[in-house]
Amino acid sequence: MIGGLITKNIDVVVPCYNEEEVLNLFYTETEKIAKSIQGYNFTYIFVDDGSKDNTLMTILQLAKENDNVKYISFSRNFGKEAGMYAGLQATTGDYVIIMDADLQHPPTLFPAMIKSMEEGHDCCAARRTTRKGEAPIRSMFSRMFYRLNNKICDVDLVQGAVDYRIMTRQMVDSILELSEVQRFSKGIFAWVGFDTEWIPYENVERTVGTTKWSFTGLFKYAVDGITAFSITPLRMVTGMGFTISIFAFIYIIVTLIQTFVYGIDVPGYVTTLSAVLFLGGIIEFSLGILGEYIAHIYMEAKDRPIYITKTSNIERKDKK
Ligand code: UDP
Ligand code: MG
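Residue numbers (our numbering): 511 to 830.
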């Protein structure tokens with residue numbers, strides 16, 4: 511027994527999108543581990559993120575057969591971030607675990623994670639040590655993203671960190687206080703602070719179903735992540751403008767001197783065109799960066815709900 515005599519409650523939040531093939535297996539595998547850990551009550555909170563297959567049916571069946579299965583079903587697909595937020599909102603346990611439904615996050619880590627909590631950590635998170643089974647190009651871009659992010663953002667992200675973690679009630683409440691609509695959980699987890707222990711694990715390939723990520727989806731995710739946690743790109747635009755102005759000023763002086771010394775000279779077509787195109791490019795790029803931030807402000811200003819529940823067997827707390 512890890513937890514002493516008092517029974518503690520652990521909520522397991524599982525965002526699900528089109529996971530009908532794996533959910534039953536997920537539940538049996540996870541329960542097998544959960545049952546073997548004495549002193550803890552496990553409750554599952556499945557969040558059906560507007561799945562188009564029979565995910566909801568499968569969850570309803572699981573809830574019918576098992577008392578410890580709760581669910582929230584969205585009115586449409588709101589994305590994994592919204593799913594995690596809704597799941598976290600529904601938790602009441604002493605500890606909260608977040609994990610994927612596809613068994614890529616091995617429940618065999620539960621004992622080690624719980625042990626870490628009992629040792630006094632606020633959080634214990636899993637970190638992939640290999641990227642086996644992932645397209646090399648995806649791994650490469652992923653590594654580039656981490657390097658760039660950690661260079662320009664206030665919060666450092668850990669290489670290989672996945673959304674598989676256990677947290678104290680206090681940390682979960684802090685996360686829920688960040689109620690931004692466009693959520694970047696990897697950043698939010700890091701931003702709230704607290705003492706996190708990292709446990710490494712070997713990447714597990716998805717056995718059933720398919721990944722829900724596309725390359726453009728991941729790219730958008732990376733841009734959102736950076737703009738949500740850093741204003742460095744905006745400063746970069748200022749820096750770029752300043753540098754170009756200095757070069758332009760020097761160029762004007764040089765040209766003026768040339769004109770006075772050697773007389774009026776008609777500047778070359780190529781030079782003019784290059785300058786126009788170069789500056790055009792920089793201006794477009796800068797506008798794009800500004801646009802990203804304006805888009806963030808726009809989306810947040812609308813203050814829409816993060817998700818809409820269609821059905822659930824959980825009483826909704828009066829929060830956003
Ligand atoms: N997911 C979700 N909503 C989405 C996409 C994914 O709730 O719009 C869930 C999905 O069911 C899974 C987890 O998020 O439990 C991770 O998704 P996936 O396995 O596709 O991502 P990967 O493991 O490839 O990063
Ligand atoms: Mg997966």
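Using N, Cα and C, we set each Cβ at its ideal position, and we do this for glycine too. In this text, all values refer to a predicted model and were calculated from it rather than measured experimentally.
Legend entry - Contact between the region 546-557 and the region 585-601 (3+ Cβ pairs under 8 Å): Contact between the region 546-557 and the region 585-601 is established, with three or more Cβ pairs separated by less than 8 Å.
Legend entry - Where the beta strand (DSSP E) containing aspartate 521 begins and where it ends: Run containing aspartate 521: 518-526, per the beta strand (DSSP E) assignment.
Inset, instruction - Flag aspartate 610 as yes when its Cβ comes closer than 6 Å to any non-hydrogen atom of the ligand MG, and as no otherwise. - result: At a cut-off of 6 Å, the beta-carbon of aspartate 610 counts as near the ligand MG: some heavy atom of the ligand is closer than that.
Inset, instruction - Decide if the region 559-575 is in contact with the region 539-551; the criterion is three or more beta carbon pairs, one per stretch, under 8 Å apart. - result: No, because fewer than three Cβ pairs between the region 559-575 and the region 539-551 fall closer than 8 Å, the two stretches do not touch.
Inset, instruction - Kindly indicate which three-state DSSP category proline 815 falls into: helix, strand or coil? - result: Coil.
Legend entry - Segment contact flag, the region 665-683 with the region 606-624, C-beta cutoff 8 Å, min 3 pairs: As far as the Cβ criterion goes, the region 665-683 touches the region 606-624, which means the pair count is three or higher.
Inset, instruction - Could I get the ranges of all uninterrupted alpha helix (DSSP H) runs contained in the region 544-592, with 4 residues as the minimum, in chain order? - result: DSSP runs (the alpha helix (DSSP H)) wholly in the region 544-592: 565-575.
Inset, instruction - Mind reading off the beta-carbon distance from glutamate 810 to glutamine 692? Whole number of angstroms is fine, and I expect it under 8 Å. - result: Contact flag correct, Cβ pair sits at about 7 Å.
Legend entry - Simplified DSSP state of leucine 673, which is helix, strand or coil: Before going further, note that residue 673 is aspartate rather than leucine in the sequence given. Here DSSP, grouped into helix, strand and coil, assigns aspartate 673 to strand.
Inset, instruction - Rank Leu658, Asp813, Ile516 and Arg814 by C-alpha distance to the C-alpha of threonine 737 and give the top, closest one. - result: Nearest option by C-alpha distance: Leu658.
Legend entry - Cβ distance (whole Å) where arginine 638 is taken to contact tyrosine 711 below 8 Å: By a beta-carbon distance limit of 8 Å, arginine 638 contacts tyrosine 711. Their separation comes to about 7 Å.
Inset, instruction - Return the chain-ordered ranges of every beta strand (DSSP E) run that is complete within the region 663-715 and spans a minimum of 3 residues. - result: Counting whole runs of 3 or more residues, the region 663-715 contains the beta strand (DSSP E) stretches 671-678 and 706-711.
Legend entry - For glycine 727, the nearest candidate out of Lys574, Ile569 and Phe651 (CA to CA): Distances from the CA of glycine 727 to each of Lys574, Ile569 and Phe651 were compared; the closest alpha carbon is that of Phe651.
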